[in-house]
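In the UniProt record's numbering, the protein residues as written are 1 to 58. Backbone N, C-alpha and C fix where the C-beta goes; we use that ideal spot for every residue, glycine too.
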């Protein structure tokens, strides 16, 4: 028989939340590089040219 006291409920909620955050972090690291299909930047930007500003290093 399981005792569902307030402390154990809070503990299980913390464990589930930690697992959720860990899975979300792994998903955010894996998805852009391995699962997402690449986008055509010309279609996304809606233009055929871009301004390039040179960077001057000191």
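query: Residue 42 beta carbon less than 8 Å from that of residue 48; result: yes
query: Under the three-state DSSP convention, the category residue 12 falls into; result: helix
query: Extent of the continuous alpha helix (DSSP H) run through residue 41; result: 41-45
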